[in-house]
Each structure stands twice: as structure tokens, then as C-alpha cells.
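Residue numbers 93 to 137, in the working numbering, belong to the letters of the sequence shown in order.
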Amino acid sequence: FDEVYDSFKAIASGLSADEQAALFFGNAKRIYRLDDVSSTSLLPA
93 FDEVYDSFKA IASGLSADEQ AALFFGNAKR IYRLDDVSST SLLPA
């Protein structure tokens, strides 16, 4: 899992913070209709 996640982080490293938030959190939030929560703690480190 770590290798896959690290690959996702590497691919997304050139994206803006807003684009990364959409990629890692926003799409799931929209598709699964999740409650509004802060996405900043969910961004990759």
C-alpha cells in the first residue's frame, strides 16, 4: 500500500493544493455525499 500511495503523491506533487484536495478528497466527498469536514488534514504530507 505504501508504494502505491507514494506513487500517487509523486504524481500529484506538481498539482496545486486545491487540485490535490480535489484528487485525494473532493471527488470522494462529492461522489459519496460525505458530510462537510475539513480537507486540510486529509492532504498527503
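The C-beta atom is built at its ideal place from N, Cα and C for all residues, glycine as well.
Alpha-carbon spacing of residue i relative to residue j, whole angstroms
i    : j    : result
Q112 : R122 : 15 Å
S99  : L115 : 14 Å
E95  : S105 : 15 Å
D140 : G118 : The structure shown does not extend to residue 140, since the chain spans only 93 to 137, so no value can be given for it.
Y97  : I103 : 10 Å
Residue i Cβ short of 6 Å to the ligand ADP heavy atom set
i    : result
I123 : Because no ligand of any kind appears in the structure shown, any question about the ligand ADP cannot be addressed here.
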